[in-house]
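Please read the structure below before turning to the comments.
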Amino acid sequence: MLIYWIRNDFRFIDNEALRYFSNYNGKKLCCYSYDENKFKDRSAQRWWLYKSLTNFRNNLDEKKFKFNFSNDTEINTIKRLLKENKISQIIWNKIYLPNEILIEDKIIKILNDNDTSYKIFSSSLLLEPKKTRKKDDTPFQVFTPFWKNEENLYLNKYNYKNYNIKLPKIKNLKIYKEFLIILPKKNWYKKFEQYWIVGENEAHKKLTNFKTKNIFNYDKIRDFPSIDGTSKLSPHLSFGEISSREVFDQYQNIKKKNIRTRKFINEIGWREFAYHLVYHFPEMLKKNLRKNFDNFPWSKNKIHLEKWKSGKTGYPLVDAAMRQMYEIGWMHNRLRMVTGSFLVKHLRINWIEGEKYFKDTLLDYDTANNVSGWQWIAGCGADAAPYFRIFNPITQSEKFDPDGEFIKKWVPELKALPKKFIHKPWELPGDIATKIKFSLKENYYEPIVDHSEARQAALAAFEHTKKK
Ligand SMILES: Cc1cc2nc3c(=O)[nH]c(=O)nc-3n(C[C@H](O)[C@H](O)[C@H](O)COP(=O)(O)OP(=O)(O)OC[C@H]3O[C@@H](n4cnc5c(N)ncnc54)[C@H](O)[C@@H]3O)c2cc1C
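Next up, the structure:
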């Protein structure tokens with residue numbers, strides 16, 4: 001029997017392991033193993049996983065592919081399957097993340113001990129992280145030369161695939177009761193239903209829409225959170241509902257490529273770069289990539305951390321972004337930078353705390369992207385924003401949400417404030433406050449830190465990173 005071990009690849013198109021499986025004529029079985037431990041601190045993603053797996057299994061059912069679900073670790077599942085069946089081969093798509101590679105290594109050992117053959121496919125990145133190397137054979141740590149090198153290597157072996165495969169359109173999705181254990185206990189996830197359609201079909205719709213419209217203005221609109229200007233492909237990419245190769249290849253097909261459209265494909269490059277980094281520097285998942293940051297005197301202020309998480313810092317753009325993330329499971333990239341900078345610089349709280357909270361709250365949580373995003377914003381990662389460049393939450397707000405539209409949507413208590421003061425409500429003159437019946441203390445929050453003082457304190461703390 002041939003087993004396809006489904007990992008993070010809930011798609012039919014550009015899925016090498018599944019293609020091999022489909023073409024195999026003998027007895028075969030797909031299996032998915034849900035390891036609770038992997039998802040215990042990824043609450044939001046449990047909702048997406050449930051939906052995505054349901055979708056994918058419906059498609060597998062259409063093809064009459066047998067499916068086995070197990071609520072256990074992947075290692076135990078493979079051991080069980082080996083005991084219960086006469087397995088000739090197990091196949092899977094590789095995940096280039098340190099913890100996943102460890103699991104894979106253990107499974108390979110079990111298979112070797114059992115004289116069972118296996119085949120590993122590479123379907124989740126443009127190129128395997130080890131393929132892109134500097135001339136001196138060391139890994140890249142700077143984005144631009146990395147991406148130039150990887151793009152050239154990829155384009156050299158360029159082999160446009162057929163992405164026009166028709167996916168089944170299933171009207172009434174079958175519900176599999178055994179998957180229900182995946183859903184989080186707290187039912188706050190129910191509101192995600194209003195904002196997202198999960199699955200491979202939707203990922204393709206989004207890509208098609210994006211490449212015919214917003215991509216041509218991407219560099220102009222991508223930074224404005226009140227505009228729906230980015231692709232919102234991130235959760236689909238995180239769950240492998242669409243491959244980055246497909247996004248890249250479809251981009252090659254666009255006739256009017258220019259500097260603007262390139263900005264978009266460079267983001268796919270950042271994703272590749274993030275995977276390249278964690279593959280070569282796995283310690284960065286837990287520790288500062290730049291060791292001099294180990295001396296940074298992080299604050300342990302729990303009240304500040306809680307206020308940041310719940311969107312009660314008194315800085316409207318920061319609060320709007322944090323509330324948006326809790327509500328829809330996604331945050332705009334500009335705001336990930338603003339809120340991230342606020343946590344590590346204004347509040348001087350370790351980026352690890354922010355990384356953890358994003359992991360639990362984002363639908364598009366991606367180990368490599370999240371950790372490299374946080375290390376980038378904290379200044380301790382590869383090719384990172386220098387620590388001393390501190391995002392000003394007021395000017396960022398004035399620049400990227402000039403009319404306060406985004407703020408008004410997520411912090412409705414500020415709706416009545418004139419445009420001039422919505423970014424800094426503490427400056428609202430008394431007569432206007434009386435007229436609109438607004439009191440900072442009663443209706444909103446006083447800023448938890450003063451911007452200029454926090455900036456000075458952050459710069460002083462940064463001096464510690466210069467000490468040996
Ligand atoms: C602190 C911080 C944490 C982040 N955490 C995550 C995360 O957990 N998961 C995640 O997918 N992205 C993360 N990002 C990157 C980025 O914010 C999101 O990928 C993006 O906002 C997703 O929206 P989109 O799909 O509309 O992006 P688009 O602008 O349409 O970009 C297309 C795709 O490119 C990739 N991409 C875009 N920006 C980046 C980037 N800076 N780094 C790596 N890949 C990128 C994503 O896969 C994205 O879907 C983080 C960024 C920061 C600063």
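Going by the working numbering, the first residue of the sequence shown is number 1, and it counts up by one from there. Glycine is no exception: its CB is placed at the ideal position from the N, C-alpha and C atoms.
CB contact flag (residue i, residue j, <7 Å)
{"i": "Leu82", "j": "Asn114", "result": "yes"}
{"i": "Phe192", "j": "Trp47", "result": "yes"}
{"i": "Pro168", "j": "Asn15", "result": "no"}
{"i": "Gln141", "j": "Ala382", "result": "yes"}
{"i": "Ile268", "j": "Tyr163", "result": "no"}
{"i": "Glu150", "j": "Glu246", "result": "no"}
{"i": "Ala274", "j": "Ile242", "result": "no"}
{"i": "Lys51", "j": "Val198", "result": "yes"}
{"i": "His332", "j": "Pro225", "result": "yes"}
{"i": "Ile182", "j": "Tyr34", "result": "yes"}
{"i": "Leu29", "j": "Asn68", "result": "yes"}
{"i": "Asp9", "j": "Gly240", "result": "yes"}
{"i": "Ile368", "j": "Trp376", "result": "Strictly speaking, residue 368 in this sequence is Ala, with Ile absent from that position. Not in contact: Ala368 and Trp376 (Cβ atoms no closer than 7 Å)."}
{"i": "His464", "j": "Asn288", "result": "no"}
{"i": "Ser117", "j": "Gln89", "result": "yes"}
{"i": "Trp92", "j": "Arg11", "result": "no"}
{"i": "Ser244", "j": "Leu153", "result": "no"}
{"i": "Asp41", "j": "Asp364", "result": "no"}
{"i": "Arg260", "j": "Asp219", "result": "yes"}
{"i": "Ile254", "j": "Lys211", "result": "yes"}
{"i": "Ile432", "j": "Ile422", "result": "no"}
Neighbourhood of residue i by C-beta, 8 Å cutoff - its chain only, sequence neighbours within 5 removed
{"i": "Lys79", "result": "Ile110"}
{"i": "Tyr445", "result": "Lys307, Lys312, Thr313, Gly314, Asp319"}
{"i": "Lys206", "result": "Ser231, Lys232, Leu233, His236"}
{"i": "Ile95", "result": "Arg7, Asn8, Ile101, Glu104, Ser124"}
{"i": "Pro297", "result": "Arg348, Ala461, His464"}
{"i": "Phe39", "result": "Gln45, Arg46, Leu49, Ile182"}
Secondary structure of residue i, DSSP reduced to three states
{"i": "Phe121", "result": "strand"}
{"i": "Trp330", "result": "coil"}
{"i": "Phe462", "result": "helix"}
{"i": "Trp196", "result": "coil"}
{"i": "Ile527", "result": "This structure cannot speak to residue 527, because the chain is shown only from 1 to 468."}
{"i": "Leu29", "result": "strand"}
{"i": "Phe400", "result": "helix"}
{"i": "Leu126", "result": "coil"}
{"i": "Leu53", "result": "helix"}
{"i": "Asn68", "result": "strand"}
{"i": "Ile13", "result": "coil"}
{"i": "Ile352", "result": "helix"}
{"i": "Tyr24", "result": "coil"}
{"i": "Asp360", "result": "helix"}
{"i": "Asn59", "result": "helix"}
{"i": "Arg323", "result": "helix"}
{"i": "Phe293", "result": "helix"}
{"i": "Thr138", "result": "coil"}
{"i": "Thr132", "result": "coil"}
{"i": "Ser310", "result": "helix"}
{"i": "Thr473", "result": "Outside the modelled stretch of the chain, which goes from 1 to 468, sits residue 473, for which no answer is possible."}
Other residues of its chain near residue i: CB distance less than 7 Å, five sequence neighbours each side excluded
{"i": "Asp366", "result": "Ser238"}
{"i": "Trp374", "result": "Gly340, Trp351, Gly354, Glu355"}
{"i": "Lys86", "result": "Met1"}
{"i": "Phe146", "result": "Thr132, Phe140, Phe273, His276"}
Segment limits, alpha helix (DSSP H) that includes residue i
{"i": "Trp270", "result": "259–280"}
{"i": "Lys205", "result": "200–212"}
{"i": "Asn76", "result": "74–84"}
{"i": "Phe342", "result": "Per DSSP, Phe342 belongs to no alpha helix (DSSP H) and is neither H nor E."}
{"i": "Trp374", "result": "367–378"}
{"i": "Ser244", "result": "244–252"}
{"i": "Ile108", "result": "98–113"}
{"i": "Asn37", "result": "36–39"}
{"i": "Tyr387", "result": "Per DSSP, Tyr387 belongs to no alpha helix (DSSP H) and is neither H nor E."}
{"i": "Tyr218", "result": "218–221"}
{"i": "Pro235", "result": "234–238"}
Neighbourhood of residue i by C-beta, 6 Å cutoff - its chain only, sequence neighbours within 5 removed
{"i": "Asn201", "result": "Leu167"}
{"i": "Tyr251", "result": "Ile265"}
{"i": "Phe65", "result": "Cys30"}
{"i": "Ala17", "result": "Tyr4, Ile91, Trp92, Asn93, Phe121"}
{"i": "Glu128", "result": "Ser122"}
{"i": "Ala321", "result": "Met331, Leu335, Thr339"}
Terminal residues of the beta strand (DSSP E) in which residue i lies
{"i": "Trp298", "result": "Neither: Trp298 is in no beta strand (DSSP E) and is coded neither H nor E."}
{"i": "Gln89", "result": "89–93"}
{"i": "Tyr4", "result": "2–6"}
Closer than 7 Å to chain D by CB, residue i
{"i": "Asn288", "result": "Of the protein chains in the structure, only one exists, and it is not chain D."}
Any non-hydrogen atom of ligand 2 within 6 Å of residue i CB
{"i": "Arg271", "result": "The model on display carries ligand 1 but not ligand 2."}
Could you pull out every unbroken alpha helix (DSSP H) segment of at least 4 residues lying fully inside the stretch 157–193, listed in chain order? none
Unbroken stretches of the alpha helix (DSSP H), 4 residues or longer, contained in the stretch 402–458: 405–410, 419–422, 430–435, 440–443
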